[in-house]
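Colleague: If you're matching them up, the sequences are chains H and Y in order.
Going by this note's numbering, the first sequence opens with residue 13, and the numbers climb by one from there.
Going by this note's numbering, the second sequence opens with residue -13, and the numbers climb by one from there.
All residues carry an ideal CB built from backbone N, CA and C; glycine is no exception.
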Amino acid sequence: MDDLLADFLTETSESLAELDVALVKLEQTPDDHATLSQIFRLVHTIKGTCGFLGLPRLERVAHAGENVLGKLRDRQLSATPGIITAILAGLDRIKAIVGGLAETGEEPAGDDTALIAALNEAAAGHAHAPLAAAPEPPAAPEPPPAVAESAKPASPASAGPSPAAPPAASSAAPAAEAAEPAVAGQTIRVGVDVLEHLMTLVSELVLTRNQLLQLARSQENAALAVPLQRLSHITSDLQEGVMKTRMQPISNAWNKLPRLVRDLSHELAKKIELVMIGADTELDRQVLELIKDPLTHMVRNSGDHGLETPAERLAAGKPETGRITLNAFHEGGHIIIEIADDGRGLPLDRIRAKILKQGLASEADLAAMSENEVQRFIFHAGFSTASVVTAVSGRGVGMDVVKTNIERIGGTIELKSVAGQGTTFTIKIPLTLAIVSALIVQSGGERFAIPQISVVELVHAKAGAADGQPAIERINETPVLRLRDRLLPLVALNDLLRLSGDAANVSTETPRYIVVVQVGANTLGIIVDRVFDTEEIVVKPVAPILRHLTLFSGNTILGDGSVIMILDPNGIARAAGIGAVGESRQIAAASVEAASSGEKTAMLLFRAGSSEPKAVPLGLVARLEDIPRERIELASGGLVTQYRGKLMPLVAMDGGASESERQSVLVFSDRGRAMGLMVDEIVDVVDAELSIQLSATRPGVLGTAVVAGRATDVIDIGFWLTQAFEDWFRGTEEGAPLAAARVLVVEDSAFFRQLLVPTLTAAGYRATAVGSAAAALKLRDAGQRFEAIVSDIEMPDMDGFAFVRTLRAGGTWSALPIIALSGRAGAEDVEAGRDAGFTDYVVKFERDALLTSLRQCLAPPVAA
Amino acid sequence: MTQAVLERPNHATGGAVRPPEAAGDEEAVFVTLTLADQLCGVPVLSVRDILGQQSITRIPLAPPEIAGSLNLRGRIVTAIDLRQRLRLPPAPPETVPMSVVAEQRGELYALLVDQVSEVLSLPASSFERNPPTLPPVWAAHSAGIYRLKERLMVVLDVARLLAITADRP
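(1) Measuring alpha carbon to alpha carbon, tell me which residue in H:Ala108, H:Leu617, H:Phe52 is nearest Lys83 (chain H).
(2) For the region 272 to 305 of chain H, list the alpha helix (DSSP H) runs that are entirely contained and at least 4 residues long, ordered along the chain.
(3) Got a sec: is the Cβ-Cβ distance from Glu119 (chain H) to anything in chain Y below 8 Å?
(4) Return the chain-ordered ranges of every alpha helix (DSSP H) run that is complete within the region 110 to 147 of chain Y and spans a minimum of 4 residues.
(5) Exposed or buried, Pro159 (chain Y), counting other C-beta atoms within 10 Å across all chains shown (16 or more means buried)?
(6) Given this structure, state the Cα-to-Cα distance separating Val105 (chain Y) from Met84 (chain Y), to the nearest angstrom.
(7) Look up Ala228 (chain H) in the DSSP assignment and say whether it is helix, strand or coil.
(8) Within the same chain, show all residues whose beta-carbon is closer than 8 Å to that of Ala785 (chain H), passing over the 5 residues directly before and after it, in chain order.
(9) What residues in the region 47 to 78 of chain Y bring their beta carbon closer than 9 Å to a beta carbon of chain H?
(10) Could you check where the beta strand (DSSP E) with Asp67 (chain Y) kicks off and where it finishes?
(11) Given a limit of 7 Å on CB to CB distance, which residues of the region 32 to 45 of chain Y reach chain H?
(12) At a Cβ threshold of 8 Å, is Arg510 (chain H) touching chain Y?
(13) Run down chain Y in chain order and give the residues with a C-beta less than 7 Å from the C-beta of Ala215 (chain H).
(14) Among the candidates H:Gln50, H:Asp32, H:Asp124, whose CA atom is the shortest distance from the CA of Thr97 (chain H)?
(15) Going by DSSP, name the residue or residues bridged to Arg635 (chain H).
(16) Count the C-beta pairs between the region 286 to 302 of chain H and the region 259 to 266 of chain H that are closer than 8 Å, then say yes if the count reaches three, no if not.
(17) With contact counted as at least three CB pairs below 8 Å, one residue from each stretch, are the region 450 to 470 of chain H and the region 367 to 379 of chain H in contact?
(18) Tell whether a beta-carbon distance below 8 Å holds between Ala48 (chain Y) and Asp67 (chain Y).
(19) If you draw a straight line from the alpha carbon of Glu547 (chain H) to that of Phe460 (chain H), how long is it in whole angstroms?
(20) Compute every distance between the C-beta of Ala125 (chain Y) and the non-hydrogen atoms of the ligand GDP, then say whether any falls below 7 Å.
(21) Relative to the alpha-carbon of Glu279 (chain H), which residue among H:Val218, H:Gly63, H:Ser455 has its alpha-carbon at the smallest distance?
(22) Using only the alpha-carbon positions, how far apart do Arg335 (chain H) and Ile801 (chain H) sit?
(23) What do you reckon, are the CB atoms on Val311 (chain H) and Val273 (chain H) nearer than 8 Å?
(24) In angstroms with no decimal places, state the Cα-to-Cα distance between Ile109 (chain H) and Asp86 (chain H).
(25) Could you say if the region 94 to 111 of chain Y and the region 68 to 77 of chain Y meet the contact criterion of at least three C-beta pairs nearer than 8 Å?
(26) Check the Cβ of Asn567 (chain H) against every Cβ in chain Y and list those closer than 9 Å, keeping chain order.
(27) Step through the CB atoms of chain Y and report whether any lies within less than 8 Å of the CB of Ile526 (chain H).
(28) Could one say the Cβ of Ile156 (chain Y) lies closer than 8 Å to chain H's Cβ atoms, at least one of them?
(29) What does Glu93 (chain Y) touch in chain H if you count any residue whose Cβ is under 9 Å from its own?
(30) According to DSSP, simplified to helix, strand and coil, what is Phe391 (chain H)?
(31) If we ignore side chains and look at the alpha-carbon of each, how far apart do Leu138 (chain Y) and Gln39 (chain Y) end up?
(32) Less than 8 Å between CB atoms is the rule here; does Glu547 (chain H) satisfy it with respect to chain Y?
(33) Quick one: what's got a C-beta closer than 7 Å to Gly434 (chain H)'s C-beta in the same chain, skipping five residues either side?
(34) Give a yes or no on whether the minimum CB-CB distance between Gly355 (chain H) and chain Y is below 8 Å.
(35) Tell me the residue span of the beta strand (DSSP E) that contains Met660 (chain H).
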């Protein structure tokens, strides 16, 4: 007997036991809708599962029973004793068949036509006279004789034509009983509370063991040492064993699915491929049990409703084979399970129509709802958009059950659906009981656990650069670490947790440990005082009165019995201001490494205010001037100088106005206006491969980059220009009508992205930046709208040419003006760009040219 | 000093108001404890455990009245410093705090007190409502007063003691 069947039998025996109780309850309280729904779901599950296991006889009986129950649930029938008897007879038959299954592994042969006819009669006979049948006793007795008749001959009938299977057919009841020991031999079902209790006892045992060990160490008693050692080992093994009983890989819930999908594809005549990622992600046993059925339902739904037939797929330009992807992974104290299909997406119109039909919302409500809100109605009880009820799904059990089950374990379910592209369900389950490996660190005299999964590496660093050793440097007061030519933002755990401890008197010269953690796309260093060992911990949620502390994801008890808080790297990053920025920045961060794809930029290095060098792209600087001190004058509250016959405002950067005779000024000019930025000293011009690795929170600074081997602030010119002229980018004649135009910037280099976005924003556009063509296409598919696109040419994966060709090929963005942005602007480059479908071609950094081009591209509708 | 405040209004009201539920000769059983020399009581049914001194893990950023968490036979218990909670001065250093463990909505909390003494069975007839002049912090966490022979016992309302909000200053 295969595992699948064994599981089915175990489950079904449980369901049947539940059904007996529920049906009797229903007989007493026929109007109890909750009980009815429960019964219906149980029978539906039995029917659904046996369909896939190739148990036609069982399926037929269950289907007939389900029909009657469906009518009951929809209040087309009332639960009269007669009907209940009919259903109970059906259940007895199911039990008999299941009993036979357990014994031989095959369905016993038999004839159920009479029983099914009786059930159908019960379903159909009363369907004509709904409700009327309920109060009238004469109507009720009608079906029982039919059932009784059919039930009686059924048993002999099953024995009659099939002498091959006498044990199953001889008697239903003994067979069902015989099934139980056979099934029970494989697994024992243990209540989770029993396991919890065991776990508690083991924890206490560990504590006692540790105390004993400590005593033994101080007493040096050899006679005691050996048995104690053994006790210690056994305790550890026991602890591990008990912990293991609760953890199972998610593949245990998935291993039924390939078969299910295979059968599904046969049944529905669709080609379906099932991809499973992260099958070894471990889940708490209880959690696993609870998500098993929801997952099965959802995969079934994806196959049935989500995926199109091969012909439809081919017509839509998709590969013939539809794909269902399951992906499980740990993320920030949660387990995420994604169920994605690349099918047709949720039918919004049909959902809307159904909402109206069922009176779940008014037309006005609907109009005000976002697409996602409408889509979420599929989680309502009794909601199914499938027009035909098939054996697979479409009865309106399913998504509401899925949602209920997931919420019962404190999880959430989200869905995302794009018409024609598929639907993705994301289930997020708290890691409440899961065991994780954690690094134990100390800070301010307290110990903390950091989930090992987010720890990238450990660095032992000294303050002040030593030869070849990683060193903590400071930009203003902010510590950073130069690690393999990249800058790593650092946070001191002491400061973050406001732990004074010994941190106050530790000088910066003391060696410190830095735990490098990965949070989403960002990397971050956490400065701690000490690093201990890694330990397997059971994450427990913190008390409700501490839930607001987002820096902690839970707490746990260590092997030595002490309580320890578990740090949440996500929370730390948020508290440190990393990852709190908008989505475009996150996309930017993700592609930082790709961004340094060999593009070198001439940077002007200068000093202003502090000794750290600052940098600005040379291309943005109009001229460098050295102005005698006496030519700087004070006018209308600001510093100005006469420059080429006009007054030029001067802006001091970080106290950059020096007392020396001459003042170094960087001149920026634009459309006939100029401003000067006063700096202390112009240092150098270097060609540097630029990637901004730290985005600053200070105004006027774009971020920090390694330039010529030193941590350097790259200044945000847009900010300083507006310091001189508030309307620097706006006051021009053409500006106004285009003010709200939305521009998408596609640029793999984080640096240029961060330069372009403020520039465009300052010019009155609403700029959004993404780091790759793929990210841009995602925005398009998400239904975002833009008036123009500015795209880089040289990008990894999909370059600008391919990108523009893709856009022009179709979709909502096919007619947008698209401006190419490139380092090369030879005649043939421009030609190639226009051929590919770019509207215009602009050399990188020519801000004027870009703004002019944008204006021209966006002008026609205004002019026409 | 606290006691003086408590006693004065008691003489004034002289047992005039009696809660309806306290009528009759039913007795209620309390675990008595001391906080800055004030005798307090917690209904015995809400007490899960009495603990001696424990090693408590501090919780950074937590509200000040949360002393930390401790391990009670494999369960994590949040320790509440009742002196902090009731705005009393910190305990003198020689005090060895004890704790009374109470359960609320499935979570265990250890209430740190100066001393846990005996279990008393008190007649409902000696129960008084809070005198209206009781300081607000006490009034907010007291369910009433019992008149004992020697002294007065404040009945602590465990649920309200545990209703610590994050944003309280």
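Modeller: Taking the coordinates as given:
(1) Taking Lys83 (chain H) as reference, the option from H:Ala108, H:Leu617, H:Phe52 with the minimal CA-CA separation is H:Phe52.
(2) Counting only unbroken stretches of 4 or more residues, no alpha helix (DSSP H) element lies wholly within the region 272 to 305 of chain H.
(3) Taking 8 Å as the threshold, the shortest C-beta distance from Glu119 (chain H) to chain Y does not fall below it.
(4) The qualifying runs are 122 to 127.
(5) This structure cannot speak to residue 159 (chain Y), because chain Y is shown only from -13 to 155.
(6) For Val105 (chain Y) and Met84 (chain Y), the distance between alpha carbons rounds to 15 Å.
(7) helix
(8) Taking Ala785 (chain H) as the centre and dropping the five residues before and after it, the same chain places the C-beta of Val758, Ser803, Met807, Asp809, Met810, Asp811, Gly812, Ala814, Phe815, Thr818 closer than 8 Å to its C-beta, in chain order.
(9) Those residues of the region 47 to 78 of chain Y that come within reach of chain H (Cβ to Cβ, closer than 9 Å) are Leu47, Ala48, Pro49, Ile52, Gly54, Ser55, Leu56, Asn57, Arg59, Gly60, Arg61, Ile62, Val63, Thr64, Ile66.
(10) 61 to 67
(11) Ser41, Thr43, Arg44, Ile45
(12) At a cut-off of 8 Å, the C-beta of Arg510 (chain H) has a neighbouring C-beta in chain Y.
(13) Per the sequence presented here, residue 215 (chain H) reads as Ser, with Ala not at that position. Simply Gly60.
(14) H:Asp32
(15) Paired residue(s): H:Val679.
(16) Below 8 Å, enough C-beta pairs join the region 286 to 302 of chain H and the region 259 to 266 of chain H to call them touching: three or more.
(17) no
(18) No, they are not a contact pair.
(19) 11 Å
(20) As for the ligand GDP, it is missing from this structure, which has no ligand bound.
(21) Glu279 (chain H) has its Cα closest to that of H:Gly63, out of H:Val218, H:Gly63, H:Ser455.
(22) 32 Å
(23) yes
(24) 28 Å
(25) yes
(26) Thr43, Ile45, Ser55, Ile62
(27) no
(28) Past the edges of chain Y, shown from -13 to 155, lies residue 156 (chain Y), and the structure says nothing about it.
(29) Within chain H, the residues near Glu93 (chain Y) are Ala555, Pro556, Ile557.
(30) helix
(31) 26 Å
(32) Under the Cβ criterion of 8 Å, Glu547 (chain H) is not counted among the residues facing chain Y.
(33) Gly318, Ala352, Asp353, Asp354, Gly355, Gly357
(34) no
(35) Here the beta strand (DSSP E) through Met660 (chain H) covers 658 to 664.
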